[in-house]
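Numbering (our numbering), first residue to last: 5 to 157. Where a beta carbon is used, it is the ideal one built from N, C-alpha and C, also for glycine. Computed from a prediction, not measured in an experiment: that's the story for all the values here.
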Amino acid sequence: MQPGVQDRFNAFIAEKGLRRTVQRDAIIAAAFGTTEHYTAEELLAMARKIEPSVSRATVYRTLPLMVGCGVLKEMDFGKDHKIYDPNYNAHPHHNHLICVDCNKIVEFEDQHIELLEDCISKRLGFSPASKSLRIEASCDELRKHGACASRKL
5 MQPGVQDRFN AFIAEKGLRR TVQRDAIIAA AFGTTEHYTA EELLAMARKI
55 EPSVSRATVY RTLPLMVGCG VLKEMDFGKD HKIYDPNYNA HPHHNHLICV
105 DCNKIVEFED QHIELLEDCI SKRLGFSPAS KSLRIEASCD ELRKHGACAS
155 RKL
């Protein structure tokens, strides 16, 4: 788990008058025990491996708390569900490439893209408050070989 995540979350829920629970601790451990992006349902499955008593309702109530305190990033890639990014704190300037064939999400950082985003913003008379780049692309592996290791059937 990234340093400080648990403490930051605990301080945030304490400010809101909420309790630290075994279930919430399991959700935090699951959420930050991976570098992969996940849905709420995937987080539920991961948390239940740590603590079987974790409920769906607790996951769905805890996700907005993690997003609200700034330890987790919620992303909308135009699907029927949100995707959560546990790598946002460690790499706040990363971007995403999403395969439209297999839904694989690849993170990348590039100083040239960041400079270009800043230049475009300044040229148009803006100062960026936040930046996010998402590239949707087709899987070369699927096109070349007719199969993709990441594709879920």
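So, are the CB atoms of residue i and residue j less than 8 Å apart?
i, j, result
"His-85", "Arg-138", "no"
"Val-75", "Val-9", "yes"
"Lys-77", "Tyr-92", "yes"
"Ile-102", "Glu-140", "yes"
"Ser-142", "Asp-105", "yes"
How long is the line joining the alpha carbons of residue i and residue j, rounded to whole angstroms?
i, j, result
"Asp-32", "Phe-13", "Asp is not the amino acid found at residue 32; the sequence shown has Ile there. Roughly 9 Å separates the two Cα atoms."
"Asp-114", "His-97", "9 Å"
"Pro-68", "Met-50", "18 Å"
"Arg-23", "Ser-59", "16 Å"
"His-116", "Ser-125", "14 Å"
"Asp-29", "Asp-80", "25 Å"
"Ile-109", "Leu-119", "23 Å"
"Gly-21", "Thr-38", "28 Å"
"Thr-43", "Cys-152", "21 Å"
"Pro-132", "Leu-146", "37 Å"
Quick check on DSSP: helix, strand or coil for residue i?
i, result
"Cys-152", "coil"
"Val-75", "coil"
"Leu-137", "coil"
"Phe-130", "coil"
"Lys-80", "The question names Lys, yet the displayed sequence has Asp at residue 80. Looking at Asp-80 - three-state DSSP - the assignment turns out to be coil, as it is neither helix nor strand."
"Tyr-42", "strand"
"Phe-13", "helix"
"Cys-123", "helix"
"Val-58", "coil"
"Lys-20", "coil"
"Asp-105", "coil"
"Tyr-92", "coil"
Across which residues does DSSP place residue i in a beta bridge pair?
i, result
"Glu-111", "His-100"
"Ile-87", "Met-79"
Measure how close the beta-carbons of residue i and residue j come, nearest whole angstrom, since I'm counting them as under 8 Å.
i, j, result
"Ala-35", "Leu-47", "6 Å"
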